[in-house]
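The opening residue of the sequence shown carries number 27 in the working numbering; numbering runs sequentially from there. Backbone N, C-alpha and C fix where the C-beta goes; we use that ideal spot for every residue, glycine too.
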Amino acid sequence: KASQPFYFFNRYDRETIASTWQVLRSEFDLMLMQHARERGAEIVEEYKQMLLLSNLQATQRLASFLLRLSQRMASRGYSPNAINLRMTRAEIGSHLGMKIETVSRTFTRLQKAGLIEAHSREIRITNAAGLMSLLSDRS
Numbered sequence: 027k028a029s030q031p032f033y034f035f036n037r038y039d040r041e042t043i044a045s046t047w048q049v050l051r052s053e054f055d056l057m058l059m060q061h062a063r064e065r066g067a068e069i070v071e072e073y074k075q076m077l078l079l080s081n082l083q084a085t086q087r088l089a090s091f092l093l094r095l096s097q098r099m100a101s102r103g104y105s106p107n108a109i110n111l112r113m114t115r116a117e118i119g120s121h122l123g124m125k126i127e128t129v130s131r132t133f134t135r136l137q138k139a140g141l142i143e144a145h146s147r148e149i150r151i152t153n154a155a156g157l158m159s160l161l162s163d164r165s
């Protein structure tokens, strides 16, 4: 009897353990699949970022960055037009492959064009269509 697994449990206990194990295993499998989907989405975003850095001008890079943040905000149920940046200008520059001065000048340029309002780390997109049009202009 000692050679059988769980020999010290009665039959009811063994069935309960087996069904509990099956539930836990299925929950683990679902969690694993969800993680794989999320990681896959992250890889796609990283690939898009790599393409962005290699093909776009500074204004287009920043416009794309702001539009992607806007989409993320909307997907989480927040206003897509109000963005609270957690990154500094230097971190944004590093992320986009730009110098801090270029990031600051580009924010100013987007403000003067009436596409955004920027107050420190608070960004308000006032003309999303205008930002999108910058992306289609490849000059």
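- Collapsing the DSSP output to three states places N110 in a strand.
- Around N107, the same chain offers S96, R150, I151, T152, A154 as residues with beta carbons nearer than 8 Å, after the five sequence neighbours per side are excluded.
- Along the stretch 94-148, the alpha helix (DSSP H) occurs as fully enclosed runs of 4 or more residues at 115-122, 126-138, listed in sequence order.
- Take the alpha-carbon of T134 and the one of E127: they are about 11 Å apart.
- Judged by their CB atoms, L161 and Q86 are nearer to each other than the 7 Å cut-off.
- In this structure T132 is in contact with A84, their Cβ atoms being roughly 5 Å apart against a cut-off of 8 Å.
- Using a 10 angstroms sphere on the CB of L122, the tally of other CB atoms reaches 16 or more, which defines it as buried.
- For L160, the enclosing alpha helix (DSSP H) stretches over residues 154-162.
- Counting only residues of its own chain and dropping the five nearest sequence neighbours on each side, E143 has a CB closer than 8 Å to the CB of Q137, I149, R150, T152.
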